[in-house]
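Numbering of the sequence shown is given in our numbering, commencing with residue 6 and proceeding in unit increments. Quick notes on the structure that follows.
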Amino acid sequence: MIRTKYKVLKLEDIAVNSKNAIVDGPFGSALKVKDYVDDGIPVLQGKNISNFQFNFSDIRYITPQKAQELIRSKVEVGDILFVKIGSIGYSAEVTDLNGYPFAIIPANLAKVSIDYSKVDKNYLLFWLRSDTVVNYLKKNASKTAQPALSLGKIKQIPVVMPSLETQKKISAVLLKAQELIDKRKAQIEALDQLTQSVFLEMFGDPKLNKKNWKKQKLNDVCLRKGEYGSGSSAIPYDSGKPRYIRITDIRDDGSLNDDIVAPSNPDDYEKYRLNEGDILFARSGATVGKTYLHSEKNGYCIFAGYLIRFVPDTSKINPKFLFHFTRTQYYKQWVMSKQNTVAQPNINAKQYGEELFIICPPLELQNRFAKIVEEIEAEKELLQKSMVELQNNFNSLMQRAFKGELFND
6 MIRTKYKVLK
16 LEDIAVNSKN
26 AIVDGPFGSA
36 LKVKDYVDDG
46 IPVLQGKNIS
56 NFQFNFSDIR
66 YITPQKAQEL
76 IRSKVEVGDI
86 LFVKIGSIGY
96 SAEVTDLNGY
106 PFAIIPANLA
116 KVSIDYSKVD
126 KNYLLFWLRS
136 DTVVNYLKKN
146 ASKTAQPALS
156 LGKIKQIPVV
166 MPSLETQKKI
176 SAVLLKAQEL
186 IDKRKAQIEA
196 LDQLTQSVFL
206 EMFGDPKLNK
216 KNWKKQKLND
226 VCLRKGEYGS
236 GSSAIPYDSG
246 KPRYIRITDI
256 RDDGSLNDDI
266 VAPSNPDDYE
276 KYRLNEGDIL
286 FARSGATVGK
296 TYLHSEKNGY
306 CIFAGYLIRF
316 VPDTSKINPK
326 FLFHFTRTQY
336 YKQWVMSKQN
346 TVAQPNINAK
356 QYGEELFIIC
366 PPLELQNRFA
376 KIVEEIEAEK
386 ELLQKSMVEL
396 QNNFNSLMQR
406 AFKGELFND
């Protein structure tokens, strides 16, 4: 139930008048590994949407001829993308295709072309990231380890619609508040870049390995081979139960989001319990290759089946070093080279364990790096607390605006 004095429309009511205004990507055999080429027409993925922002990176391509076969799933600059399989709730405007005339989306994405004579663009983008819309999308997704959303539910997304004049006033206020958050994010990102710079300064580019560090298989620097997580379904969280970490709960920077759920099966609580220093690798979907380093500060957690646990042998490798190794371009390129399918990329435990080679500098040097990382993380934590306050204020402002408490219409 949306509490507002404004009228409410469906998203399909403000889409352009076209049969392909709201579409998803092709399924199954329509898009295969063999269809990818070095250049041509871009194929976007779920990982091109992060925190309601679009980024044109790690792109795959198909030939113009293949793109014409899939032209129903065409996306242009200005269209809005929704994640419909996996990280449900996220959307973003396509802001840049790097000069390409259009792109194609796969099955895990949907696109909506909006008629901006009916709605202010900035207002709509703010509305689509509101709690009302995010909760609607998550509520209407399938309750599985890999949540999925139907195209019909996307068409029915409710949109609160004050007059265009009021929409512009609301977006102007929210844009100013967003500027403060963006500045804080930039400071945090600078610290992340600093960590990676320190890594490269101390150890060099793992791809070139000019310092001639010994290389070992991931399995050889861990206490045991990779372990798949629980197949338990997710239920509402309450105290006393472990947090259930799914692929969708891990942000791009390796931190956890605020969508806390619990596993339904108590028998899994101990078997899949995470310990300090355990590292999780995402094994399938658009976020394949994503990693998470567990810390006891995140509490009692178990991990889901689309994740693979490796337990670093601390007599051979420092977990923080290993985690930041997975932040390098070398690792990201390795992930791109190992994905097995197009519609649902996959890297299994054996591939991670036997085919991913880690540079292994002296443990003393790794530990020194970990100490520097801890100092950077302490500073980052202070900035993150400040950003949480800014975000809470921003969310409160959004709620008031959409309820009609800021302006008279």
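Cβ atoms here follow ideal geometry from the backbone N, Cα and C, with glycine treated the same way.
| query | result |
| --- | --- |
| Indicate the three-state DSSP secondary structure (helix, strand or coil) for N372 in the structure shown. | helix |
| Applying the criterion that 16 or more other CB atoms from any shown protein chain within 10 Å of the CB defines a buried residue, is T171 buried or exposed? | buried |
| Can you tell me whether E369 is buried or exposed, with buried defined as 16 or more other CB within 10 angstroms of its CB? | exposed |
| Grouping DSSP H, G and I as helix and E and B as strand, with all else coil, what is E384? | helix |
| Specify the secondary structure class of L81 as computed by DSSP and reduced to three states. | As written in the sequence, residue 81 is Glu, which differs from the Leu given in the question. Coil at E81, not helix or strand. |
| Cβ of N413 within 7 Å of any heavy atom in the ligand ATP? | Among the components of this structure there are no ligands whatsoever, and the ligand ATP is therefore not found. |
| With Y311 and R251 assumed to form a contact (beta carbons below 8 Å), what rounded beta-carbon distance in angstroms separates them? | 7 Å |
| Contact between the segment 334-342 and the segment 270-283 is defined here as three or more beta-carbon pairs at a separation below 8 Å; is this criterion met? | no |
| When you compare the segment 27-42 with the segment 140-152, are there three or more beta-carbon pairs, one atom per stretch, that lie closer than 8 Å? | no |
| If you follow the beta strand (DSSP E) that V165 is in, where does it begin and where does it stop? | 163-166 |
| Let me check one thing: in DSSP terms, what residues is L114 bridge-paired to? | V88 |
| If we count Cβ pairs, one from each stretch, closer than 8 Å, do we get three or more for the segment 244-263 versus the segment 10-25? | no |
| Rounded to the nearest angstrom, how far is the Cβ of F330 from that of K174, given a contact under 8 Å? | Not confirmed; about 48 Å, so no contact. |
| Please report the straight-line C-alpha distance between I186 and N56, rounded to a whole angstrom. | 12 Å |
| Out of curiosity, what's the CA-to-CA distance linking E81 and I377? | 43 Å |
| Using a 10 Å radius around the Cβ and a threshold of 16 neighbouring Cβ atoms, would you call K390 buried or exposed? | exposed |
| Locate the alpha helix (DSSP H) running through A20, then write down its first and last residues. | Neither: A20 is in no alpha helix (DSSP H) and is coded neither H nor E. |
| Let me check one thing: in DSSP terms, what residues is R229 bridge-paired to? | Partner(s): none; R229 has no beta bridge. |
| Determine the closest residue to L228 out of K52, D254, I284, with distance taken between C-alpha atoms. | I284 |
| Roughly how many angstroms separate the alpha carbons of E193 and E184, rounded to a whole number? | As written in the sequence, residue 193 is Ile, which differs from the Glu given in the question. Their backbone Cα atoms lie some 14 Å apart in a straight line. |
| In the structure shown, what three-state DSSP assignment does I93 receive? | coil |
| Pull up the distance between the alpha-carbon of N127 and that of E98, whole angstroms please. | 10 Å |
| Less than 8 Å between the beta carbons of V139 and V13, yes or no? | no |
| Classify P106: buried if its beta carbon has 16 or more other beta carbons within 10 angstroms, exposed otherwise. | exposed |
| Pull up the DSSP beta-bridge partners for Y249, would you. | I307 |
| Using a 10 Å radius around the Cβ and a threshold of 16 neighbouring Cβ atoms, would you call R77 buried or exposed? | exposed |
| Can you tell me whether D254 is buried or exposed, with buried defined as 16 or more other CB within 10 angstroms of its CB? | buried |
| Taking C-alpha atoms, which residue in Y249, R288, D264 lies nearest to R278? | Y249 |
| Near Q161, what residues of its chain come up, given a Cβ to Cβ distance below 6 Å and the 5 sequence neighbours on each side ignored? | K15 |
| Applying the criterion that 16 or more other CB atoms from any shown protein chain within 10 Å of the CB defines a buried residue, is K276 buried or exposed? | exposed |
| What span of residues does the alpha helix (DSSP H) with I193 cover, start to end? | 169-208 |
| Identify the residues that DSSP records as bridge partners of T312: which are they? | Strictly speaking, residue 312 in this sequence is Leu, with Thr absent from that position. According to DSSP, which records beta bridges pairwise, L312 is partnered with A287. |
| Would R8 be called buried (16 or more neighbouring beta carbons within 10 Å of its own) or exposed? | exposed |
| Once you ignore the five residues that flank V316 on each side, which residues in its own chain have a CB closer than 7 Å to its CB? | C227, L228, R229, D283 |
| Taking the beta carbon of L327 as the centre, do at least 16 other beta carbons fall within 10 Å, making it buried, or is it exposed? | buried |
| In whole angstroms, what is the alpha-carbon distance linking A115 and G94? | 12 Å |
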